[in-house]
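Using the numbering used here, the letters of the sequence shown correspond one by one to residues 1 to 161.
Cβ atoms here follow ideal geometry from the backbone N, Cα and C, with glycine treated the same way.
Fair warning: this is a prediction, and the values are worked out from it, not measured in the lab.
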Amino acid sequence: MTTGEYNKCVDDHSDGVYRFVLHNIHDEDKAKDIVQDSFIKIWEKVGDIDFSKARSYLFTTAYHTMIDTIRREKKITRFDDIEHGHPSYNKEYLGLKEILKDAVNKLPEVQRSVVLLRDYEGYSYEEIGEITSLNESQVKVYIYRARLFLKEYIGSLENVM
C-alpha cells in the first residue's frame, strides 16, 4: 500500500471503525485511542498490506486492539465502579433506539461484535470470520443467538418498560 492509499484508507474507514469500537466499549476517548492505535499498526506494516484488503485488515486490527484493551482493564478496579449504596431508580421509556442500545449492551462480547459488524457495518459472514478469527459457521451461530436474544428481550414488555 502506498502513502496515498493509506491516506485514502484513513479517510474512507476511520468513521466506521470508530462507530464499531464505540458501540462495543461506550467510551469516546478509549474508542479514539483504539482507532488511533489501529492506524498506527497499519502504518507500521504499510508495505505488507494490499490496499484492496486494507478495510478488513483495519477492522481486524481494531477488533483485536479493543479486546486487548478490555482484557487489560478488567484487571483494574476503579473507585467509581464500586457500589456505594445509591438508591435505585426507575427507568423511564426513552424510545426504541435506547431500548435497542440497552439490549445490544447486554449481549456477550463476541455476539455483540458480530452483530455490530453484520447489521451496523454491513460485513459478510466471511469477512466477519476473518476479522474475529471465527469460522463462518460460528459467526452465523453467534449472530443467530444474538438476534434471538434481542427479539426476546425487546419483545418482553417488562424489560422495555
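So the candidates are the options; which of them puts its Cα closest to the Cα of residue i?
i: S56; options: Y125, L100, G155, Y144; result: Y125
i: S52; options: E136, I128, M1; result: M1
i: Y144; options: E44, E130, P108; result: P108
i: R118; options: R147, L96, E5, D27; result: R147
i: Q36; options: H26, S14, V46; result: S14
i: I42; options: V110, E5, I128, E127; result: E5
i: N135; options: G155, G122, V114, K151; result: V114
i: E98; options: S38, D68, D50, L150; result: L150
i: R181; options: K74, L96, E73, M66; result: Nothing about residue 181 can be reported from this structure: the residues present for the chain run from 1 to 161 only.
i: E127; options: K75, T60, V110, H26; result: T60
i: D27; options: Y123, E73, K140, Y142; result: E73
i: L58; options: H23, I25, L96, D11; result: D11
i: A62; options: Y142, T3, V17; result: V17
Compute the Euclidean distance between the alpha carbons of residue i and residue j, then round it to the nearest angstrom.
i: I34; j: A103; result: 24 Å
i: Y120; j: D48; result: 29 Å
i: K8; j: G155; result: 42 Å
i: E152; j: L100; result: 12 Å
i: F39; j: S137; result: 29 Å
i: A54; j: K45; result: 11 Å
i: I70; j: T132; result: 15 Å
i: P87; j: D50; result: Any answer about P87 is weak, because its pLDDT of 40 lies below 50 and its placement is not dependable; what the coordinates show is given next. P87 and D50: Cα-Cα distance of roughly 55 Å.
i: K32; j: H64; result: 15 Å
i: V139; j: G129; result: 6 Å
For the alpha helix (DSSP H) holding residue i, just list the boundary residues, first then last.
i: N105; result: 96-105
i: I42; result: 28-44
i: F49; result: Here residue 49 turns out to be Ile, not Phe, going by the sequence shown. Unbroken run through I49: none, as it is neither H nor E.
i: K140; result: 136-155
i: G129; result: 125-132
i: T2; result: From DSSP, T2 is part of no alpha helix (DSSP H); its letter is neither H nor E.
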